[in-house]
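Enquirer:
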Ligand code: SF4
Ligand code: SF4
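Protein chains in written order, with our numbering: chain F, 1154 to 1516; chain X, 119 to 212.
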């Protein structure tokens, strides 16, 4: 029996560059950051966006690194919009000025997602490792409001800031954001080096859930809050990306096409480059994209578990990182033989007191 | 806070929210930040009349006439639909 043909991708994450003025310790970029010389050209990106629209991608998220580090950002947004994509800019705000925002407005940029490193300059500049970053961001937020871009504020939450969730919500309201993403840190990329500095406590995770629920009620019709809970304190894994290679397609700065931004950690898979092969072929036919589609690849306990159609066995990259096998049950799952060890480690990390390890570009 | 839509309110589809015909899947969608909602005929008919100028009362009167349906039923359906979008910050009542 042959596998059913996968659905077309809904969304594309376009990681234009790994360059970024900030140095967030929870950055999900890989430890081996790509240099500028290895980045795709403007025309290569434009061709990717055309192919994406043709295939059925709806949203394209301009990301990085800091996408504003690319001087051709405006040109790419205009092109993506021309071919019918919904364009979202994921930015720290650093590298944007009023002139560039006006230009993006003229290019038809649909939405801005601004990241928040902390609730005041002391906190934010420390976490982002960039002095003056907070004040600059607040200025950018003001311009975003003046132009009228719809705004989502994205706050990565962790041990050192979870207790300031109320203030985070207040900032989102002040900025006039329509949406707030309260995203508990995920330990991929640079974040994996910062487990002991950033792992929230079980108590913090519990409190955050209460705070979010209360705020959702209070702010209905004013602010939508999306909450990504701490999965190291859960009993069941998240259905990562709705299942491997099912909804999203990710392009790394060097053109590597991935089913998610952490997939490069699975070294047994070979990822094609978008400028070397048609995107369609990569999505439907490549071994890497087909590796964990469907249920055939699963091991026990997932194979005979009825929840497999809901969570798809969890995150493949987390299975890789912790179990050393990308086809294993996500160790977050209470049925995984590694679950107890994962919980013990999470608890130890949440009680530890470690300094931040900043992300650094290769020299 | 809760969402409320009165007959005299003017609903508007917010910036960054737009209808889109998806040629690949052959469906109408409402595209919004991080979301793509499938639009059925009813949803589309309602949103087609939301132009930012008409009041909710005017919209439902137009729909009742166009589809030859009782006003209170149309009002009920349209109110549920639009308040759902208001709670998701895709539509606002002014
Ligand atoms: S997480 Fe921080 S360092 Fe990483 S790309 Fe975003 S702003 Fe830059
Ligand atoms: S055993 Fe596998 S499928 Fe079942 S709940 Fe755990 S991760 Fe999900």
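All C-beta atoms, glycine included, are put in the ideal place defined by N, C-alpha and C.
Small disclaimer: the values here were computed from a predicted structure and weren't measured.
Are the region 138-157 of chain X and the region 1208-1225 of chain F touching by the rule of at least three beta carbon pairs closer than 8 Å?
Expert: yes
Enquirer: Along chain F, in chain order, which residues have C-beta atoms closer than 9 Å to that of residue 129 (chain X)?
Expert: Here the premise fails: no neighbours, minimum Cβ distance about 12 Å.
Enquirer: Using 8 Å as the limit for Cβ to Cβ distance, is residue 1218 (chain F) near chain X?
Expert: no
Enquirer: Just grab the DSSP bridge partners of residue 1401 (chain F) for me.
Expert: F:1164
Enquirer: Can you confirm whether residue 1307 (chain F), when its beta carbon is compared against all beta carbons of chain X, has any partner nearer than 8 Å?
Expert: no
Enquirer: Between which two residues does the beta strand (DSSP E) holding residue 1379 (chain F) run?
Expert: Residue 1379 (chain F) -> beta strand (DSSP E) spans 1377-1381.
Enquirer: Out of F:1349, F:1202, F:1239, F:1223, point me to the one whose CA is closest to residue 1505 (chain F)'s CA.
Expert: F:1349
Enquirer: Once you ignore the five residues that flank residue 1388 (chain F) on each side, which residues in its own chain have a CB closer than 6 Å to its CB?
Expert: Excluding sequence positions up to five before and after residue 1388 (chain F), its CB lies within less than 6 Å of the CB of 1487, all in the same chain and listed in chain order.
Enquirer: Would you kindly report the start and end of the unbroken alpha helix (DSSP H) that includes residue 141 (chain X)?
Expert: Counting along the chain, residue 141 (chain X) falls outside any alpha helix (DSSP H), and DSSP gives it neither H nor E.
Enquirer: For residue 1383 (chain F), I'd like the list of residues in its chain whose CB is within less than 7 Å of its CB, leaving aside the five on either flank, ordered along the chain.
Expert: 1337, 1353, 1358
Enquirer: Taking the alpha-carbon positions, what's the residue 1327 (chain F) to residue 1435 (chain F) distance?
Expert: 43 Å
Enquirer: Less than 8 Å between CB atoms is the rule here; does residue 1385 (chain F) satisfy it with respect to chain X?
Expert: For residue 1385 (chain F), not one C-beta of chain X is nearer than 8 Å to its own C-beta.
Enquirer: Say whether chain F places a C-beta atom closer than 8 Å to the C-beta of residue 204 (chain X).
Expert: yes
Enquirer: For residue 1202 (chain F), does the three-state DSSP call read helix, strand or coil?
Expert: helix
Enquirer: Using a cut-off of 9 Å between C-beta atoms, extract the partners of residue 158 (chain X) located in chain F.
Expert: Under the 9 Å cutoff, chain F gives no residues; its nearest Cβ is about 18 Å from residue 158 (chain X).
Enquirer: With distances taken between CB atoms, is the gap from residue 1177 (chain F) to residue 1280 (chain F) smaller than 8 Å?
Expert: yes
Enquirer: Just to confirm, are residue 160 (chain X) and residue 195 (chain X) a CB contact at a threshold of 8 Å?
Expert: For the 8 Å CB-CB criterion, residue 160 (chain X) and residue 195 (chain X) form a contact.
Enquirer: Does the separation of the CB atoms of residue 1230 (chain F) and residue 1267 (chain F) fall below 8 Å?
Expert: Not closer than 8 Å, so no.
Enquirer: Mind listing, in chain order, the continuous beta strand (DSSP E) runs of no fewer than 3 residues lying wholly within the region 120-195 of chain X?
Expert: 129-131, 136-140, 145-150, 153-157
Enquirer: Is there a Cβ of chain X sitting closer than 8 Å to that of residue 1503 (chain F), yes or no?
Expert: no
Enquirer: So, does the CB of residue 1303 (chain F) fall closer than 8 Å to a CB anywhere in chain X?
Expert: Taking Cβ atoms only, chain X reaches closer than 8 Å to residue 1303 (chain F), which makes this a yes.
Enquirer: Taking the DSSP output, what are the residues bridged to residue 1215 (chain F)?
Expert: Residue 1215 (chain F) is bridged to F:1167, F:1242.
Enquirer: Pop quiz: residue 1330 (chain F) and residue 1376 (chain F) are said to be a contact at Cβ under 8 Å. What is the actual Cβ separation, rounded to whole angstroms?
Expert: About 7 Å; that satisfies the 8 Å criterion.
Enquirer: Does the Cβ of residue 1249 (chain F) lie closer than 7 Å to at least one heavy atom of ligand 1?
Expert: no
Enquirer: Counting contacts by CB-CB distance shorter than 8 Å, is residue 143 (chain X) in contact with chain F?
Expert: The Cβ of residue 143 (chain X) sits closer than 8 Å to at least one Cβ of chain F.
Enquirer: Using the beta-carbon count (16 or more within 10 Å), is residue 1494 (chain F) buried or exposed?
Expert: exposed
Enquirer: Under a criterion of Cβ closer than 6 Å to any non-hydrogen atom of ligand 2, which residues qualify, in chain order?
Expert: F:1389, F:1390, F:1454, F:1455, F:1458, F:1460, F:1461, F:1464, F:1466, F:1467, F:1482, F:1483, F:1486, F:1488
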